[in-house]
Structure formats: C-alpha cells, structure tokens
Amino acid sequence: MLQGKKILLAITGSIAAYKSIFLLRSLIKEGATVQVILTPSAVNFVSPLVLETLSKNKVLIGLSNDHEWSNHVMLGRWADVMLVAPLSCNSLAKMAMGICDNLLMATYLSATCPVVVAPAMDEDMWKHPTVKNNLHILQQHSVRIVPVGHGELASGLYGDGRMAEPAELLVYLVEHCFRNNRLQGKRVVITAGPTIEPIDPVRFIANSSSGTMGIALAESFYLDGATVELILGPVAIKPQFQGITVSHVRTADDMFTRFAQVMPQSDIFIMCAAVADYKVENLMTQKMKKNDGKAITLSLIPNIDILSYAGQHKQAHQFVVGFALETNNGKDYALKKLASKNADMIVLNSLEDKGAGFGYGSNKITIFDKQHNVYPFELKSKKEVANDIRECVFKKMQS
Ligand code: CTP
C-alpha cells in the first residue's frame, strides 16, 4: 500500500513509543522508505538501535550528529509525509507555539510535506483545555490529527488518550495522504456479500459469500479517488477506510431498494453480491414448529435480479459490471449472463479453479466484455484481483 513512499517517522517521549516499533515494521513491510527522528527524551522510551535496524537508516536525534549538521530543511522536502507518532503533550505544545529546541521541532517547523500527528497522553491531560487549544492550533495549520483510542492508559486508568494502533495509523496514512485521484468525480456502487431470506423470525436461507471480493473492490476504487457506496449483505468484515459509505442490508429486496435509490446519480456499478435468487413466498410471523418430523415444503418465489435491473435502466454514461460464479461451463454461462443482463462486462470466477471463489483469500478470474474481448488472469489475492478489475473498467471507460 505504501510502495515507494517516503515517510519521516518522528517519535516523541511517551510510553506509547513502544508501538512505534511495530508501526515502523508495518511501514517498511508495506514498501515505504522510512527516516526516523527522535526527540532527546524519546530515547528513554525506545531504542535507536532497534529503530535503526528496522528502518535500515541512521536514526536522527540531535541538530548535529557526529559533528555533522542535520539538514532538517531537506528532511521535510524529502518526505511525502511527516508522521509524529506518538505525539506527547509537551511536543504538542512546542508544535503549537513554534518552539524550536530540537531536531524534530526544527524539521516540523520547516516541513513542506503534509504532517500527521498521533497524540498519546493520559485522559486528564487529553481533556485539558490547553491541550484542546494546542490541537486546534495544529488543525488551523493543516496538521492532520489521528483520533486517540479508548482503553488502558499508562497511569493504569481507563479512558481516552491512547495512541492509535499501528494498523490504524497505516490505514489512516493510506486513506488521508496517499489516495490517487484518477477516478475523482466518479461515483461507484458495489453490491457485496450474501443476502439472506427469512423463513420465520429465527430461520433464514443464506449462502457462504464472505464479502471479501466486494470489499476489496470497494477499497480499490476508493483508493483510486472514486466516491464509493458499498451495499453490503450480512458479513463479519467491513472496509478499512472510513470514507467508503456502507449501506448494510439483509435481503435481496433491501439490496435492490438501496441500489435503485443510488443508481440514478452514480456512474459505475459492480454487482459482486451473491444475491439469493429466491425468497420464501409465505413468510411465517411465528417460529415454525417441527410438525412431528414430517417432511415440509417451502414455496419460493423469484427475487428481483438487480444486475438485470441495472442493465435495463443504465444511461449512456453508466457502466455495469456483473459477476458469474460457476461450477461448470463457465465461459458459456458468463457470456450468456453478459448478454441477457445487458452488462458491459462480466467477471467469471469458476469454482473449477482451485483457490477461487467463496472462502478463499485468492481468486482467479476471466473478464469478458461486450466487444467480445477476453481477459484471463492468473490466481491472485482478492486485493490484486480487485485492482485488475478496476484497471479493466478504467480502460474501458477511457476508450
Ligand atoms: N445478481 C443480481 N441479482 C440477483 C441475482 C444475481 O444482481 N437476484 C447478480 C450477481 O450479483 C452477479 C450476477 O447477477 O453479478 C450473476 O449472478 P449469479 O448468481 O452467478 O447468476 P444468476 O443470475 O443468479 O444465475 P444462476 O444462479 O442461474 O447461475
């Protein structure tokens, strides 16, 4: 997620500095180049040796190191973003007032790159009006402030003030500092997950879609600048990025209702949900009884086909992508669905391919479009598959 990005990780004196080691590891794992700066007091909380080893870069602490002046101006120009994590109460006050008494402060005051801070302090400090004023000053200076967490604090008390977790900080950086803008202005609607069809108040018909592919698609389009609405059936997971609008639905009817509301003002539709084809005709209002173990028959009636609705109602500027999950004759069924549902593109994933479909982190797809082009792909992670689909849609919309 951070391939090729240059990050200045600035660590101030706080117990939360132990988390910065994990943060540094995650940044490096995601492909970033990281330069660490410590305040002199941060050295009491975290070892420069560990940070140097993980970052593969000399850690900078003083305004001069080994009789050499540290060029704080160039540090801020080199970086794509300066992340101060943790930001102590003391360093926050210095940033707000412009007190330039160490390398970290000098770098902040001369930084031309965006600055993100992750405060860490005890709840009583966090709530103090002076701290609130200082945070307000930073905000006025376009510094982004990562919300603090709630939980056990260094004092042993519980409350607000914990530094955000490394995984949250990573997601925050990607979302707020490194989103592309290629699809800016495009509104994308994605259906994902299963739908469930009730039989009675406690039972329902469902399928095993996990929502992973749809969520990966939502994140991929969002990170490329699109405005994304994810219409999501009941699943245990959700997108990582706050900016993705999620509409939670249960039944195919609910999914359709939301889809029909957002369709007119949207541009791209990716129908990834495993929508139940049928619903129970006579929904029972009370729990069904066993009926002495005798066989029972449920009468099912068809649900609306949301993809077909999109295909029939699309306007010239709108682009519709369907999925076909097949167990046999994949190509034939996919082409049939492309035509019968009037989609612009259909993504085939065949359960004949090992590692593809429900319950896997990977998928193997073939894309068919209206112009009779066929794009086969290798088995990849669902995240990479989502990027392939996004690229295909992007190119089609350009042509
Ligand atoms: N789909 C939909 N609404 C439905 C059924 C399916 O929007 N009521 C969409 C799916 O999201 C997918 C595509 O249609 O993009 C194909 O779904 P699939 O379940 O593979 O095919 P069906 O049309 O349901 O046909 P069949 O079950 O006979 O294969």
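Under my numbering, think of the first position of the sequence shown as 3, with each following residue one higher.
C-beta: ideal position from N, C-alpha, C; glycine also.
- Positions of the beta strand (DSSP E) runs, each at least 3 residues long and wholly inside the stretch 143 to 202, are given as 151 to 154, 160 to 164, 189 to 194, 199 to 202 in order along the chain.
- The ligand CTP has a heavy atom closer than 7 Å to the beta-carbon of residue 274.
- For residue 335, the distance from the CB to the nearest heavy atom of the ligand CTP is below 7 Å.
- Looking from the CA of residue 204, the closest CA among 295, 291, 135 belongs to 291.
- Your pair residue 151 and residue 167 checks out as a contact, with CB atoms roughly 7 Å apart and the cut at 8 Å.
- Every alpha helix (DSSP H) stretch that sits fully inside the stretch 322 to 387 and reaches 4 residues is listed by chain position as 332 to 342.
- With a cutoff of 8 Å on beta-carbon distance, residue 17 and residue 156 are scored as near each other.
- The alpha carbon of residue 217 has as its nearest neighbour, out of 245, 201, 21, the alpha carbon of 245.
- In this structure, 363 is the residue among 363, 306, 338 with its C-alpha nearest to the C-alpha of residue 211.
- Annotation for residue 57: the continuous alpha helix (DSSP H) segment containing it runs 50 to 57.
- Taking C-beta atoms under 8 Å as the contact rule, residue 119 and residue 86 qualify, at a distance of about 4 Å.
- The beta carbon of residue 79 is closer than 7 Å to those of 114 in its chain, skipping five residues each way along the sequence.
- The way I'd put it, the stretch 192 to 199 does touch the stretch 273 to 290; three or more beta-carbon pairs between them come closer than 8 Å.
- In the DSSP annotation of this structure, the continuous segment of the alpha helix (DSSP H) that includes residue 125 starts and ends at 125 to 128.
- Sorting 315, 308, 221, 247 by C-alpha distance to the C-alpha of residue 266 places 315 at the top.
- Listed in chain order, the non-local C-beta contacts of residue 161 below 7 Å within the same chain comprise 125, 152, 155, local neighbours out to five positions each way being set aside.
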